[in-house]
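Colleague:
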Amino acid sequence: MDSKHPAHTFFVRPRLAPVRKLQDDYVSPEYLGANAIECLGLDFTSGTPLDPRTNKPERHAEPFTQLFPFKDMERAILANKPWVSGGWTYDLDGWDTALDNWWHAKKIVDLLSLYLYNHHEADEDIEACGIIDSTGWRQRGVPPEYRLNRQDDAVKWAVIHIWHRETHKPEPHVVCALADRVPLRDDQISVPELRTILTLSGVRALDEGRGNRKRIPVTVVSAAGRQLRIVVGIVDSKNGTIEIREGPIIDFSEGVKKNWKQWITTLCWISG
Numbered sequence: 001m002d003s004k005h006p007a008h009t010f011f012v013r014p015r016l017a018p019v020r021k022l023q024d025d026y027v028s029p030e031y032l033g034a035n036a037i038e039c040l041g042l043d044f045t046s047g048t049p050l051d052p053r054t055n056k057p058e059r060h061a062e063p064f065t066q067l068f069p070f071k072d073m074e075r076a077i078l079a080n081k082p083w084v085s086g087g088w089t090y091d092l093d094g095w096d097t098a099l100d101n102w103w104h105a106k107k108i109v110d111l112l113s114l115y116l117y118n119h120h121e122a123d124e125d126i127e128a129c130g131i132i133d134s135t136g137w138r139q140r141g142v143p144p145e146y147r148l149n150r151q152d153d154a155v156k157w158a159v160i161h162i163w164h165r166e167t168h169k170p171e172p173h174v175v176c177a178l179a180d181r182v183p184l185r186d187d188q189i190s191v192p193e194l195r196t197i198l199t200l201s202g203v204r205a206l207d208e209g210r211g212n213r214k215r216i217p218v219t220v221v222s223a224a225g226r227q228l229r230i231v232v233g234i235v236d237s238k239n240g241t242i243e244i245r246e247g248p249i250i251d252f253s254e255g256v257k258k259n260w261k262q263w264i265t266t267l268c269w270i271s272g
């Protein structure tokens, strides 16, 4: 074994390679079964998995991550007024029917980032930061070598933003925003969702201070068109398991104001 690479990456690599070769838009149940990938439902507001028998949150299940408190997030957003700065609009109005699903999805994830980072008092003379500045999460670029995008005649899908905890924080958790042209499906995860989870779990183990980690959660804010959902995956190289929890599809066709609770909850997922 190459001592320069953590054991976790050696678990991820042989599982990621065939996913990169998949030409389908969605991952088939047969593929998941053959590769021992378990999929469960996810409660959007609490982060706990759903019991497949009742479709309700499991009482004693362990959440992969703790969401940022909803009331604290809403209070901070209303105080910061991030939509005032930068000339952005407050809502998701102005959908352009001439643009494809990828552009609409990118509009959603970019606006989520704006809500987290902007502050209405920020200008050349005053340094004022958005809510995420106090959470220990930092945004990073998406290196091209991660290969977290696909293009043909236009962009088909791409990871737009990545957030991770500062190095001194103990958690190896990583969050990202994915924009896709292909519609979301309640009954299936997409190939980009699975590929993103495996890739970011592997590269997170390479970060300084994370080499001994055997269990790395990845949260994907997955957007397609005017919809999004939360998909959380945990790659556990110690026990040799991959578990994916898939949240409900949230429709933002009517904008942020009419879906305010869902919008704030999504921000809580990114900053949890």
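Here the sequence shown stands for residues 1 to 272, where the numbers follow full-length UniProt numbering.
We put the CB at the ideal spot given by N, CA and C, even for glycine.
Does the beta-carbon distance from residue 63 to residue 47 come in below 8 Å?
Modeller: Taking the sequence shown and counting its residues from 1, one reaches residue 63 at position 63. Taking the sequence shown and counting its residues from 1, one reaches residue 47 at position 47. Their beta carbons are under 8 Å apart, which means residue 63 touches residue 47 by this criterion.
Colleague: Using 10 angstroms around the beta-carbon of residue 18, count the other beta-carbons present and answer buried if the total reaches 16, otherwise exposed.
Modeller: Numbered from its first residue, the sequence shown carries residue 18 at position 18. Under this definition residue 18 is an exposed residue.
Colleague: As a quick exercise: from 43, 21 and 23, pick the residue whose alpha carbon is nearest that of residue 245.
Modeller: Taking the sequence shown and counting its residues from 1, one reaches residue 245 at position 245. Per the Cα distances, 43.
Colleague: On the CB-based measure, 16 or more other CB atoms within 10 Å of its CB, does residue 79 come out buried or exposed?
Modeller: What you label residue 79 is simply residue 79 of the sequence shown in a count that begins at 1. Burial call: exposed.
Colleague: Is it right to say residue 240 is buried, meaning 16 or more other beta carbons lie within 10 angstroms of its own, or is it exposed?
Modeller: As a first step, residue 240 is located in the sequence shown; it is residue number 240 there, counting from the start. Per the 10 Å Cβ criterion, exposed.
Colleague: May I have the straight-line CA-CA distance separating residue 112 from residue 82, to the nearest angstrom?
Modeller: Taking the first residue of the sequence shown as position 1, residue 112 is located at position 112. Taking the first residue of the sequence shown as position 1, residue 82 is located at position 82. So the alpha carbons of these two residues sit roughly 10 Å apart.
Colleague: Tell me, please, which residues DSSP counts as bridged to residue 270.
Modeller: As a first step, residue 270 must be located in the sequence shown, where it is residue number 270. Answer by DSSP bridge pairing: none, since residue 270 is not bridged.
Colleague: Distance check for residue 152 and residue 176, CA to CA, integer angstroms please.
Modeller: By one-based count along the sequence shown, residue 176 stands at place 176. By one-based count along the sequence shown, residue 152 stands at place 152. Spanning the two alpha carbons is a distance of roughly 23 Å.
Colleague: Per DSSP, residue 234 forms a beta bridge with which residues?
Modeller: Reading the sequence shown from its first residue, position 234 is the one you call residue 234. Per DSSP, 217 and 243.
Colleague: Between residue 227 and residue 184, is the Cβ-Cβ spacing less than 8 Å?
Modeller: Indexing the sequence shown from 1 puts residue 227 at position 227. Indexing the sequence shown from 1 puts residue 184 at position 184. Going by C-beta atoms, residue 227 is nearer than 8 Å to residue 184.
Colleague: Terminal residues of the continuous alpha helix (DSSP H) containing residue 137?
Modeller: Position 137 of the sequence shown, counting from 1, holds the residue named residue 137. Note, residue 137: premise wrong, no alpha helix (DSSP H); beta strand (DSSP E) at 137-140.
Colleague: Pull up the distance between the alpha-carbon of residue 198 and that of residue 266, whole angstroms please.
Modeller: As a first step, residue 198 is located in the sequence shown; it is residue number 198 there, counting from the start. As a first step, residue 266 is located in the sequence shown; it is residue number 266 there, counting from the start. Using only the alpha carbons, I get a separation of about 22 Å.
Colleague: Using CA atoms only, rank isn't needed, just tell me which of 74, 272, 235 and 118 is closest to residue 39.
Modeller: Sequence index remark: in the sequence shown, residue 39 carries index 39 (1-based). That would be 235, whose Cα lies nearest to the Cα of residue 39.
Colleague: Leaving out five residues on either side along the sequence, give the residues of the same chain with a beta carbon under 7 Å from the beta carbon of residue 203.
Modeller: Here residue 203 refers to the residue found at position 203 when the sequence shown is read from its first residue. Counting only Cβ-Cβ distances below 7 Å, and skipping sequence neighbours, we find 146.
Colleague: Need the endpoints of the alpha helix (DSSP H) that residue 36 sits in, please.
Modeller: Translated into the one-based positions of the sequence shown, residue 36 becomes position 36. Careful: residue 36 lies outside any alpha helix (DSSP H) and carries neither H nor E.
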